[in-house]
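K.L.:
Numbering (the numbering used here), first residue to last: 1 to 258. The structure follows.
Here it is, written out as structure tokens:
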């Protein structure tokens, strides 16, 4: 998470209007998921990847590394869609197991491929937003969209407390390494158990101190974050409208006329 935060604050798209980036990501994601088309997903995956890497300045290898994170889950989940256990083999693949077959059809194979592409394209839309827009800017967009204030406050506090938890865990881990707490398997397990038992206690104490500091600064239940007003650019808005309209037309054409 710290890596994602560093990438978004160093992004070349950091100072672009957050509403434009949010609208592009959400609208494109919705079209991609609703289209149920591998071609649409491939277009979205390519366009968002190019924008994130070329326009945003995210290193290619790091972007690909993040993109491969959900692959294990995707392969396991689509395997259940692709493969069947039957007594008669199907046309794509058949592995005999006694009197039965672990088998798959061409339809199930292409359907699984479509699911993987759609999921990766949806993730790439979220990565584009996450790698180019800091969390306070996203929350400011949600506030302008009249999302419930309680939800926005919870998101901001959880976001902050995640970093508190990570900083506490990192400090304890460094302290254990300095005392050779990971010199062998036995001490590593013991150190990990100690880390788990102490981490929550210290994190809660730090969270309480943070809340006390907020109250000392006249906290009244609303966290006010200073945001910069960046004017939307007509060219970017026009480009978003043209791209998403063309993508929607292509998705409708693929679904109903082919």
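Here a beta-carbon is modelled for each residue, glycine too, at the ideal position from N, C-alpha and C.
(1) Could you please give me the residues that DSSP links to residue 102 through a beta bridge?
(2) If you reduce the DSSP assignment to three classes, tell me which class residue 181 lands in.
(3) State the DSSP-derived secondary structure class of residue 223, mapped to helix, strand or coil.
(4) Kindly indicate which three-state DSSP category residue 16 falls into: helix, strand or coil?
(5) CA-CA distance, residue 93 and residue 117?
(6) Helix, strand or coil for residue 73 per DSSP?
(7) Taking the alpha-carbon of residue 57 as reference, which of 68, 101, 7 has the nearest alpha-carbon?
(8) Would you check if the stretch 97 to 105 and the stretch 51 to 68 touch, i.e. whether three or more CB-CB distances between them fall below 8 Å?
(9) From which residue to which residue does the alpha helix (DSSP H) around residue 60 run?
(10) What separation, rounded to the nearest whole angstrom, lies between the Cα atoms of residue 162 and residue 89?
(11) Could you tell me whether the stretch 151 to 160 touches the stretch 27 to 45, using the rule of 3 or more Cβ pairs below 8 Å?
P.N.:
So, to answer that:
(1) Your numbering for residue 102 matches position 102 in the chain shown. The partner list for residue 102 (beta bridge, DSSP) reads 85, 95.
(2) As a working mapping, residue 181 is identified with position 181 in the chain shown. Residue state, collapsed to three classes: coil.
(3) Your numbering for residue 223 matches position 223 in the chain shown. Residue state, collapsed to three classes: coil.
(4) Position 16 of the chain shown, counted from the start, is the residue given in the question as residue 16. For residue 16, the three-state secondary structure derived from DSSP is coil.
(5) Position 93 of the chain shown, counted from the start, is the residue given in the question as residue 93. Position 117 of the chain shown, counted from the start, is the residue given in the question as residue 117. Annotation: residue 93 to residue 117 spans about 21 Å, alpha carbon to alpha carbon.
(6) The residue labelled residue 73 in the question sits at position 73 within the chain shown. Residue state, collapsed to three classes: helix.
(7) Start at 1 with the first residue of the chain shown, and residue 57 comes out as number 57. Comparing Cα positions, the closest option is 7.
(8) Taking 8 Å as the limit for Cβ pairs, the verdict is that the stretch 97 to 105 does not touch the stretch 51 to 68.
(9) In the chain shown, counting from the first residue as 1, residue 60 sits at position 60. First-last of the alpha helix (DSSP H) with residue 60: 60 to 67.
(10) Taking the first residue of the chain shown as position 1, residue 162 is located at position 162. Taking the first residue of the chain shown as position 1, residue 89 is located at position 89. Straight-line Cα distance between these residues: approximately 50 Å.
(11) Short answer: they don't touch.
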